[in-house]
Every structure is written in structure tokens, then in C-alpha cells.
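A short write-up of the structure that comes next.
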Amino acid sequence: MTVTRGLEGIIATTSSVSSIIDDNLTYVGYNIDDLAEHASFEEVVYLLWHRKLPNLEQLSEIKRQLAENAKIPQQVIDHFKTYPIKRVHPMAALRTAVSLLGLFDEEADDMSPEANYRKAIRLQAQLPIIVTSFARIRKGLEPIEPRTDLSMAANFLYTLLGEEPNEVAVEAFNKALVLHADHELNASTFTARVCVATLSDVYSGVTSAIGALKGPLHGGANEAVMKMLSEIGEVENVESYINEKFANKEKIMGFGHRVYRKGDPRAKHLKKMSEKLTKLTGQPKWYEMSTKIEELVTARKPLPPNVDFYSASMYHSLGIDHDLFTPIFAVSRVSGWLAHILEQYENNRLIRPRAEYVGPEKQIYIPVEQRG
Ligand SMILES: CC(C)(COP(=O)(O)OP(=O)(O)OC[C@H]1O[C@@H](n2cnc3c(N)ncnc32)[C@H](O)[C@@H]1OP(=O)(O)O)[C@@H](O)C(=O)NCCC(=O)NCCS
2 MTVTRGLEGI IATTSSVSSI IDDNLTYVGY NIDDLAEHAS FEEVVYLLWH RKLPNLEQLS
62 EIKRQLAENA KIPQQVIDHF KTYPIKRVHP MAALRTAVSL LGLFDEEADD MSPEANYRKA
122 IRLQAQLPII VTSFARIRKG LEPIEPRTDL SMAANFLYTL LGEEPNEVAV EAFNKALVLH
182 ADHELNASTF TARVCVATLS DVYSGVTSAI GALKGPLHGG ANEAVMKMLS EIGEVENVES
242 YINEKFANKE KIMGFGHRVY RKGDPRAKHL KKMSEKLTKL TGQPKWYEMS TKIEELVTAR
302 KPLPPNVDFY SASMYHSLGI DHDLFTPIFA VSRVSGWLAH ILEQYENNRL IRPRAEYVGP
362 EKQIYIPVEQ RG
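Under the working numbering, think of the first position of the sequence shown as 2, with each following residue one higher.
Next up, the structure:
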């Protein structure tokens with residue numbers, strides 16, 4: 002047996018959803034740079050689920066379906082109101098809410114491809130509203146109903162902040178959604194596929210994926226980046242902070258990647274939007290601190306920034322609470338999880354690797370009363 006810790010480099014399945022080859026990320030063969038510049042998030046959702054870009058009619062149909070299914074059950078709202086709301090992390094609330102959604106979906110255990118697609122639409126439509134509703138309820142505010150005339154990017158900001166966002170904010174947020182939508186066999190997608198490969202249901206798959214995304218080595222890194230920026234506070238503190246991190250052999254959040262070596266192709270788009278938005282909102286220091294950190298980290302180690310690094314300052318400048326950064330990742334990545342879940346069902350085989358046993362052997366059972 003050869004053990005590959007962290008399954009690094011192991012090809013565990015075939016997939017036609019997305020690929021990372023030579024540091025290039027594509028969704029169904031479309032380069033992420035093109036999609037980030039030109040595509041709406043709704044187009045990307047269609048692309049991932051149908052493995053082709055929609056024509057105008059198909060796009061307006063999926064937009065209609067998403068808009069019509071965005072309202073979340075009242076029971077989910079009522080449930081939020083019972084939480085110890087001040088200390089519940091929104092990722093934990095989202096994880097529970099998705100599981101709860103399954104209880105109220107009459108088709109939860111219908112495994113037909115048609116029912117699974119309808120559930121995918123409902124989950125994609127409702128995840129953003131779960132996040133924004135929770136964010137408002139914990140502040141004592143009423144949730145806002147999504148509008149049918151706004152894009153998913155605009156609706157997220159509208160239902161979170163209570164006012165129609167400006168064009169730059171929508172552009173930035175749409176780009177972030179497009180860039181986070183899928184990423185080959187990342188940890189949360191793998192989790193989702195392992196779960197549904199037992200032929201468990203879509204809600205179980207997405208709930209387990211949210212659990213995996215929550216950790217700071219995966220989706221939780223964007224919140225951790227903002228925590229670091231807040232701790233640093235000012236550009237002049239960056240150097241000593243980073244030196245100390247290296248001296249203590251601590252990881253710098255938002256840097257490094259299991260797959261990319263030269264760099265994460267998503268980071269440059271978020272860097273540009275971070276620069277634009279932080280300037281526009283009169284808070285350039287967050288961008289300046291970020292570039293200084295990048296300069297210092299990359300001078301010491303071949304560790305380019307990843308998708309989480311510049312998204313932090315960008316979301317902050319949009320007025321979004323820091324603990325909502327990872328839920329936003331989920332709002333986008335659920336499109337990829339669902340694409341992979343549907344793909345797994347199409348050609349399923351149980352995922353069950355092995356472990357090399359390294360524990361004691363040939364132990365003799367001693368009754369409990371005789372044990373020392
Ligand atoms: C993404 C990540 C989990 C990949 O992990 P991995 O492939 O298992 O790589 P490792 O953690 O084994 O790191 C390999 C080496 O690079 C170093 N390294 C990796 N990421 C680092 C970081 N962010 N800061 C400082 N050093 C880092 C490790 O210390 C290790 O060094 P060593 O060989 O001298 O011990 C890792 O880079 C990380 O923890 N990054 C910070 C969290 C983050 O931004 N996550 C979001 C990913 S999109």
C-alpha cells in the first residue's frame with residue numbers, strides 16, 4: 002500500500018464540469034478569464050449544470066426558475082429566531098438551514114434526474130436568501146424578499162443591505178460569484194461527491210459540502226484574511242506582522258494552494274476589483290495593505306495569493322460583515338457542488354478508499370473489571 006497524505010495528486014474520478022491544467026482553470030472548457038470578464042453568474046450556473054452555455058431563451062428560462070424559487074420557507078426564518086444568534090457563525094446557520102430545507106421539500110428523496118434538477122434550482126435560488134435573511138435577523142432586522150427583476154448578484158446585495166446596489170458593486174459581486182463557482186475536485190466538492198455516491202440525497206450532499214467549506218484551510222480563509230488585515234490595521238504595520246508570522250512558522254491566510262504552482266488565475270480579477278472598490282469607497286488602505294503583504298510573502302516563499310486573498314478586502318469595501326465572506330463562497334460554490342452531485346448520480350460508484358493501519362496489533366481483550 003502506498004499512502005498519499007491529503008490525497009495529493011490522486012485522480013479520484015473523471016469529470017466534465019471544470020478543469021485545472023497547467024494553472025489554467027476552465028469551466029466546461031471555457032477559460033475562467035473569459036467568463037470573469039463577460040459572463041453573468043446565471044450563465045455560469047447553466048453552463049455547469051448543462052455543460053453548454055445557454056442561448057437567450059435558455060438563459061431567461063433559468064433566470065425565471067431561479068427567481069421564482071428564491072423565497073425560503075417561513076419555517077427556516079422562524080428557526081433562525083430560536084438560535085443563540087450572537088454566537089452562531091453564519092456558516093453553521095447555513096449548514097443547518099440547508100438540512101432544514103430538505104425537511105420541507107416533498108421531493109427531497111425523489112432521486113429521479115428531473116426531481117434532482119428541480120432541487121438544484123431551489124437550492125441555488127434559496128442559498129443566497131438564507132444567508133442574507135440570517136444576516137438581517139441577527140441584527141434585529143426583517144429579511145427582505147428578493148426582487149424578480151434583479152440579477153443574482155444584485156439581489157444578494159439588495160436583500161443583504163436593503164438598497165439597490167450600484168453598477169460597480171454588482172459587477173464586482175457578479176465576478177466573485179463567477180470565479181468561485183467551481184474548482185474541480187476541491188475539498189468541499191469531493192465531500193459532496195463522497196456523500197451522494199452512497200446514493201444519499203442532494204440536501205445531504207450540499208449540507209456536508211458546507212461543513213467542509215467552513216474550515217479555514219478551505220473557504221474559511223477569506224474571513225481569516227480579513228481578520229489578519231484588521232489586526233494589522235495600517236500599511237506601516239504590515240512588515241513587522243508578516244516577519245513575525247514567518248518567525249513563528251505560522252501560515253499566512255490567503256496564500257498557497259494544493260494545485261496551483263505559479264498562481265491562482267482567479268486572484269488577479271479579484272485584485273483588480275479590490276483596487277477599484279476600495280478606492281471608490283474611500284478605503285484604499287485595505288488594498289494597499291494587501292499588495293504589501295503579497296510583495297513580502299512572495300519575496301520569501303513561492304506562495305502566490307489565492308482566490309481568498311483579495312476577495313476579503315473587496316467584500317469588506319462592499320460593506321459586508323466579515324463572517325459572511327465564507328457563506329458568500331457557498332452561495333457561489335453550491336452551483337459547482339450541484340453540478341458535481343448531478344454528474345456523480347449520472348455514473349455512480351461508491352467512493353471508498355483504504356487506510357493503512359498503523360495501530361497496535363494482536364491485542365488481547367481483558368474484561369473491564371480487570372483493566373488497570
Ligand atoms: C491551501 C493550503 C491548505 C494547501 O495546503 P497543502 O497543499 O497541504 O500545503 P502545505 O500546507 O503542506 O504547505 C506546503 C509548504 O508550504 C508552506 N505554506 C503553505 N501555505 C502557506 C501559507 N499560507 N503561509 C505560509 N506557508 C505556507 C507550508 O508551511 C509548507 O512548508 P514546509 O514544506 O516548509 O513545511 C495551504 O497553502 C494553506 O494552508 N494556505 C492558507 C489557507 C488558505 O488560504 N486556504 C485557501 C485555499 S484556496
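Yeah, the Cβ is synthetic: ideal placement off N, Cα and C, and Gly gets one too.
Environment of residue i [buried if 16+ CB atoms lie within 10 Å]
{"i": "PHE105", "result": "exposed"}
{"i": "PRO91", "result": "buried"}
{"i": "LEU124", "result": "buried"}
{"i": "ILE365", "result": "exposed"}
{"i": "GLN345", "result": "buried"}
{"i": "ASN348", "result": "exposed"}
{"i": "LEU26", "result": "buried"}
{"i": "GLU295", "result": "buried"}
{"i": "TYR358", "result": "exposed"}
{"i": "ALA121", "result": "buried"}
{"i": "THR192", "result": "buried"}
{"i": "ALA68", "result": "buried"}
{"i": "HIS39", "result": "exposed"}
{"i": "ILE367", "result": "exposed"}
{"i": "THR199", "result": "exposed"}
{"i": "ASP150", "result": "exposed"}
{"i": "PHE247", "result": "exposed"}
{"i": "ILE233", "result": "buried"}
{"i": "PRO129", "result": "buried"}
{"i": "THR279", "result": "buried"}
{"i": "ASN167", "result": "exposed"}
8 Å contact criterion, which residue i and residue j should meet: CB distance rounded
{"i": "ASN223", "j": "SER312", "result": "5 Å"}
{"i": "VAL99", "j": "TYR204", "result": "6 Å"}
{"i": "ASP183", "j": "ALA340", "result": "6 Å"}
{"i": "VAL195", "j": "ASP309", "result": "About 23 Å separates the two Cβ atoms, so there is no contact after all."}
{"i": "VAL18", "j": "LEU49", "result": "6 Å"}
{"i": "LEU95", "j": "ILE211", "result": "6 Å"}
{"i": "MET254", "j": "PRO217", "result": "7 Å"}
{"i": "VAL169", "j": "LYS277", "result": "7 Å"}
{"i": "MET315", "j": "LEU281", "result": "At roughly 11 Å, the Cβ-Cβ gap does not stay under 8 Å, so MET315 and LEU281 are not in contact."}
{"i": "ASP286", "j": "VAL236", "result": "Looking at the sequence itself, residue 286 is Lys, so the reference to Asp does not match. LYS286 to VAL236, Cβ: 6 Å. Contact."}
For residue i, three-class secondary structure by DSSP
{"i": "HIS184", "result": "strand"}
{"i": "THR299", "result": "helix"}
{"i": "ASN249", "result": "coil"}
{"i": "ASN32", "result": "strand"}
{"i": "VAL4", "result": "coil"}
{"i": "ILE367", "result": "coil"}
{"i": "HIS219", "result": "coil"}
{"i": "ALA136", "result": "helix"}
{"i": "ARG119", "result": "helix"}
{"i": "PRO129", "result": "helix"}
{"i": "HIS90", "result": "coil"}
{"i": "GLN75", "result": "helix"}
{"i": "LEU373", "result": "Leu is not the amino acid found at residue 373; the sequence shown has Gly there. DSSP places GLY373 in coil when its eight states are reduced to three."}
{"i": "LYS286", "result": "helix"}
{"i": "ILE294", "result": "helix"}
{"i": "ALA193", "result": "helix"}
{"i": "VAL99", "result": "helix"}
{"i": "ILE12", "result": "coil"}
Element boundaries [beta strand (DSSP E), containing residue i]
{"i": "THR27", "result": "25-28"}
Terminal residues of the alpha helix (DSSP H) in which residue i lies
{"i": "ILE233", "result": "222-233"}
{"i": "SER19", "result": "Segment 19-22 is the beta strand (DSSP E) holding SER19; no alpha helix (DSSP H) there."}
{"i": "TYR47", "result": "42-51"}
{"i": "ALA213", "result": "203-214"}
{"i": "GLN345", "result": "326-347"}
{"i": "LEU57", "result": "57-69"}
{"i": "TYR159", "result": "153-162"}
{"i": "HIS270", "result": "268-281"}
Per DSSP, cross-strand counterpart(s) of residue i
{"i": "PHE256", "result": "PRO306"}
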